[in-house]
Amino acid sequence: MNENHHMLNIIDFTSTAHHTIFVKVTGYDAVIAREFTGEVKFVGGRPYGDIIHPQRTHLSFECRQFVQELLLKKYNEGAFQSFL
């Protein structure tokens, strides 16, 4: 892993009939020098999940911000649209 930068890899995503999107991720937190895995749920365009929750995450503040901002950007660009 690159020890100078946070990294985020999107492993998979699924959407439900209720327009909820679940995104599985892995990555690297450069501040604490640890790899991580997690899942973020988008409901109504907003991300939720322990990995980005300020009181529940094990990620550094900077990495949590990085993950949340990157996932929101990808969501808003339509990266998690299902082609049914």
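According to this note's numbering, the residues represented by the sequence shown are 5 to 88, in order.
In this text, a Cβ means the ideal position worked out from N, Cα and C, and glycines have one as well.
All of these numbers come straight from a predicted model, not from anything done at the bench.
N-terminal and C-terminal residue of the alpha helix (DSSP H) that residue i is part of
{"i": "R68", "result": "65–80"}
CA nearest to the CA of residue i, picked from the options
{"i": "V35", "options": "Y52, R68, R60, K28", "result": "R68"}
{"i": "G53", "options": "R38, Q72, I15", "result": "Q72"}
{"i": "G31", "options": "I56, E81, T20, I25", "result": "I56"}
{"i": "G48", "options": "P58, S64, T24, H62", "result": "T24"}
{"i": "N80", "options": "L63, K28, R50, Q59", "result": "R50"}
{"i": "N8", "options": "V27, H22, S19, A37", "result": "A37"}
{"i": "H22", "options": "F46, G82, L74, L12", "result": "F46"}
Element boundaries [beta strand (DSSP E), containing residue i]
{"i": "T41", "result": "38–47"}
{"i": "R60", "result": "First-last for R60: undefined, no H or E at that position."}
{"i": "V35", "result": "First-last for V35: undefined, no H or E at that position."}
{"i": "F84", "result": "Neither: F84 is in no beta strand (DSSP E) and is coded neither H nor E."}
{"i": "I14", "result": "11–19"}
Local Cβ density within 10 Å of residue i, reported as buried at 16 or more and exposed below that
{"i": "I15", "result": "exposed"}
{"i": "H10", "result": "buried"}
{"i": "F65", "result": "exposed"}
Cutoff 8 Å: residue i Cβ touching any chain C Cβ
{"i": "G48", "result": "The structure shown contains no chain C; it holds only a single protein chain."}
Integer-rounded CB distance, given that residue j should sit under 8 Å from residue i
{"i": "F84", "j": "F17", "result": "5 Å"}
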